[in-house]
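Asks: Chains as they are written, first to last, in the working numbering: chain A, 6 to 295; chain B, -1 to 249; chain C, 29 to 353. Using N, Cα and C, we set each Cβ at its ideal position, and we do this for glycine too. Note that the structure is predicted; figures quoted are calculated from it, not measured.
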């Protein structure tokens, strides 16, 4: 019984790590662009599906796919930004909000609908999971530990990236003080594009891991984005550790809920967590929102 | 209590930064008080605390003997303290008239009856010289007009204390004179005015008393010419030779 | 000037209502249903706009009120409550829910609020699907059968007209002014005495009433409700798109938007039946890029709107004209 419980908790940590990772992508996007990307969860979904396709076609190790996917989605993300978000980036906050919600929501809907259409071709439907268990046939937990390890490595590398490289520092600078960053010559527009690409790529990469554990359907996008938002609220804007911790808290909560109450209730968890935070500690949120 | 407004040991910390330290101020009814000091001295923070936008970290604020330190901004406004903003913040898409109406309808404990509201709002606008702009959206106004709108909106709440935050910045000489006249007229209505300003000539002319802040600390207070000659004040403004800050005390 | 044109518009509206009122006689139930749905969507769009347009908080979860109203009415009808009482209780329940929910949610701003409210719909869908003994689960609930088409039709027209009037009155009221001020600059509004929290909460409650009513009328007519119908994407987004397309914060906006959306829907339905949802998405994107203020705010149409007297400005200027005479 205890080992089952532990299994659930570990599953939760793993899930949470993946969430936290993707949520971090959202967090830096919001910090730099001041736009909350409602389609963020859809990029995780796309990452999963693309990763799956690559796996099916070439049989490459999923962890390598996760790395390959990053540059691919950076490009996609930058394209998305230049096409859809840059035109509105200059608007005053009121209009920016409405416009960005419309655009990212619309994009999310389009992505989800088109994906449902194209992936409905195998008549069996759109649920599937990546049988990486077959690669590492032995014990399930080995795969999971491995994923945790890889996530950890990725997290550390991202943290280093943020601390050491120009891009990373620019991201932090813009998040903390936009005006000041402009004054010292940081090219906001270019960094914004790259940040968006990076944020989206992180989500996609997380998606590859996600699909090794869970089933993916085209409509998980919005609920996922809601979860990421909860995590950003929990962990604070722009902080990787915050996102990861927040993610893990959420992941464990979700796992336990699924275990005790049945899987059908787990989408509700992120919401209940969010509402609880909002009731208990509203200042923590308001303070970060600028 | 004798004082209309009193700050007692007001201190404000933002994380590690001490914005205001142990500020003690007393304001009598009918005065025009100037608050001056170099940028970053904590002047606007002080206004924010008095007006209720921020709570003090330590210390208290008293209005007519009643403590208002922890009260929300909307309540303080209704009690009789109104403010303008250093960078103008009108309700942009709303008309000038509507801007005033908000102050009128919500900023007073006893707002006038429905039918009278528009008339009174128009009176205030006309007094401020904005009568012809009543139906224009606030965002279409010039900067000067917006500054008057800020004042008008604050006056609409029929305050006992008006906090003016650098309302004269950006005004040319003629406009400055006109604004000064307006402030005098406001004071003649019985409103106590506390103004943050950098234009020292105005301070000298208008204010009964001046309070000087530097790095969050009150370094001087008194009549304008006393303060102008206070060596600490001079040093605060002119600074050290190495830093190269320059600001003239003469008009 | 604006007097006369306003009178004209008013007369046109009365005329339309008369036509609509007479419609059941010659028209088939297909047409009636079409108008019925239109009225429901319009009610939703207008009530959405109270929070989304006047207050400036994009409540993407507005259809939660619709779904709650529908489900409560269905459950009550199945327990032999009369229609009037069922609708009334359903509205009370919906409004109470809105009041409770406003506490945590209004601590969020901007995009966070939009996303959180949107997520609320999914949450409701989960509840509806899982609380089987109450809500009938994914199979939904059927209410006592009967042909209520004609009375429901009239009810829907009443609801829609009532919401138009509500929106119009709100725009002219002191409360409406408070909402607008919060939209423009919440912090400043607060510093001028506007009780922001209670205004926000009240606006959400007010907006939930027409939506809940619409849900109740809907389920009475269609005699069936299920999670996707109550909390699905279509019912969630169409009203929002209508309001945003036409112009938020303006009473006429959702009306204009509704007209356009139906036109587009009818045109496209003939051509492509599949990508309905995608088209919505693309529409949203285009709206966001080029016309985030809606049709009524597009520059070259502005003078026309002003002359009609339906600009978002409150009507005080008309009173002022009277004063100046």
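Spatial neighbours of residue 14 of chain A within its chain, please: CB distance less than 8 Å, with the 5 preceding and 5 following residues excluded, ordered by chain position.
Replies: For residue 14 of chain A, where only same-chain residues beyond five positions count, the Cβ hits under 8 Å are 257, 260, 261.
Asks: How about residue 207 of chain C and residue 83 of chain C: are their beta carbons less than 8 Å apart?
Replies: Against a cut-off of 8 Å, the Cβ pair of residue 83 of chain C and residue 207 of chain C comes out as a contact.
Asks: Tell me whether residue 169 of chain B sits in a helix, a strand or coil according to DSSP, three-state version.
Replies: Coil, per DSSP.
Asks: Establish whether the CB of residue 121 of chain B and some CB of chain C are separated by less than 8 Å.
Replies: No, no contact with chain C.
Asks: Starting from residue 112 of chain B, follow the alpha helix (DSSP H) in both directions and report where the run begins and ends.
Replies: Its alpha helix (DSSP H) spans residues 112 to 125.
Asks: Which residues of chain A have a Cβ atom closer than 9 Å to the Cβ of residue 232 of chain C, listed in chain order?
Replies: Within chain A, no residue comes near residue 232 of chain C; the closest Cβ sits about 15 Å away, beyond 9 Å.
Asks: Is it the case that the Cβ atoms of residue 187 of chain C and residue 93 of chain C are separated by a distance below 8 Å?
Replies: Going by C-beta atoms, residue 187 of chain C is not nearer than 8 Å to residue 93 of chain C.
Asks: How long is the line joining the alpha carbons of residue 164 of chain C and residue 304 of chain C, rounded to whole angstroms?
Replies: Cα to Cα, residue 164 of chain C sits roughly 28 Å from residue 304 of chain C.
Asks: So if I threshold CB-CB distances at 9 Å, which residues from the stretch 210 to 228 of chain C count as touching chain B?
Replies: Of all residues in the stretch 210 to 228 of chain C, 211, 212, 213, 215, 216, 217, 218, 219, 220, 221, 222, 223, 224 have a Cβ within less than 9 Å of some Cβ in chain B.
Asks: How is residue 134 of chain A classed by DSSP in three states: helix, strand or coil?
Replies: Per-residue confidence for residue 134 of chain A stands at a pLDDT of 45, beneath the threshold of 50, marking its modelled position as unreliable; the derived number appears in the next sentence. Residue state, collapsed to three classes: coil.
Asks: With a cut-off of 8 Å, does the C-beta of residue 206 of chain C fall near any C-beta of chain B?
Replies: For residue 206 of chain C, the answer is yes, since a Cβ of chain B falls inside 8 Å of its Cβ.
Asks: Kindly indicate which three-state DSSP category residue 85 of chain C falls into: helix, strand or coil?
Replies: Coil at residue 85 of chain C, not helix or strand.
Asks: At what residues does the alpha helix (DSSP H) containing residue 193 of chain B begin and finish?
Replies: Premise fails: residue 193 of chain B lies in the beta strand (DSSP E), 190 to 194, not in any alpha helix (DSSP H).
Asks: Express the C-alpha separation of residue 294 of chain C and residue 34 of chain C in angstroms, rounding to a whole number.
Replies: So the alpha carbons of these two residues sit roughly 30 Å apart.
Asks: Does the beta-carbon of residue 46 of chain C have 16 or more other beta-carbons within 10 angstroms, so that it is buried, or is it exposed?
Replies: Residue 46 of chain C comes out exposed.
Asks: Skipping 5 residues on each side, what residues in its chain have a beta carbon closer than 7 Å to that of residue 229 of chain B?
Replies: So the list is empty, once near-sequence residues are dropped.
Asks: Relative to the alpha-carbon of residue 223 of chain B, which residue among B/210, B/215, B/216 has its alpha-carbon at the smallest distance?
Replies: The shortest Cα separation from residue 223 of chain B among B/210, B/215, B/216 belongs to B/210.
Asks: Pop quiz: residue 155 of chain A and residue 68 of chain A are said to be a contact at Cβ under 8 Å. What is the actual Cβ separation, rounded to whole angstroms?
Replies: Indeed, because the Cβ distance is near 6 Å, the residues count as touching under 8 Å.
Asks: Any beta-carbon of chain C closer than 8 Å to the one on residue 240 of chain B?
Replies: In this predicted model, residue 240 of chain B has a pLDDT of only 40, less than 50, meaning its place in the structure is not dependable enough to derive any value.
Asks: Given that residue 157 of chain C touches chain A, what residues does it touch there, using C-beta distances under 8 Å?
Replies: Correct list: 269.
Asks: Please specify which runs of the alpha helix (DSSP H), each continuous and at least 4 residues long, are wholly inside the stretch 50 to 124 of chain A, giving them in chain order.
Replies: Runs found: 67 to 85, 98 to 124.
Asks: Going along chain B, which residues have a C-beta under 7 Å from residue 202 of chain C?
Replies: Those are 103, listed as they occur along chain B.
Asks: Take residue 173 of chain A and list the residues in its own chain whose beta-carbon comes closer than 6 Å to its own, dropping the five residues that flank it on each side.
Replies: Correct list, in chain order: 166, 167.
Asks: Can you give the Cα-Cα distance for residue 28 of chain A and residue 229 of chain A, rounded to whole angstroms?
Replies: About 9 Å.
Asks: Taking 8 Å as the cut-off, decide whether the C-beta atoms of residue 132 of chain B and residue 93 of chain B are in contact.
Replies: Their beta carbons are under 8 Å apart, which means residue 132 of chain B touches residue 93 of chain B by this criterion.
Asks: Quick check on residue 197 of chain B: does DSSP put it in helix, strand or coil?
Replies: It is coil, neither helix nor strand.
Asks: DSSP three-state label for residue 4 of chain B, please.
Replies: Strand at residue 4 of chain B.
Asks: For residue 141 of chain B, is the classification buried or exposed, using 16 other Cβ atoms within 10 angstroms of its Cβ as the cut-off for buried?
Replies: Exposed, by the Cβ-count rule.
Asks: Where does residue 182 of chain B sit, in a helix, a strand or coil, going by DSSP?
Replies: Residue 182 of chain B falls in the helix class under three-state DSSP.
Asks: How about residue 32 of chain A and residue 255 of chain A: do their beta carbons lie closer than 8 Å?
Replies: Contact: no.
Asks: Could you tell me which residues DSSP puts in a beta bridge with residue 219 of chain B?
Replies: Partner(s): B/209.
Asks: For residue 348 of chain C, decide whether its Cβ has a neighbour in chain B, counting only Cβ atoms nearer than 8 Å.
Replies: Residue placement at residue 348 of chain C is flagged as unreliable, the pLDDT there being 37, under the threshold of 50; a coordinate-derived value is accordingly withheld.
Asks: Please list, in chain order, the residues of the stretch 214 to 237 of chain A that have any C-beta partner in chain C closer than 8 Å.
Replies: Listed by position along the chain: 227, 228, 230, 231, 234.
Asks: Ends of the alpha helix (DSSP H) at residue 268 of chain A?
Replies: From DSSP, residue 268 of chain A is part of no alpha helix (DSSP H); its letter is neither H nor E.
Asks: Do we get a CB-CB distance below 8 Å when we pair residue 341 of chain C with the residues of chain B?
Replies: Residue placement at residue 341 of chain C cannot be trusted, given a pLDDT of 43 that sits under 50; the coordinates are not used to answer.
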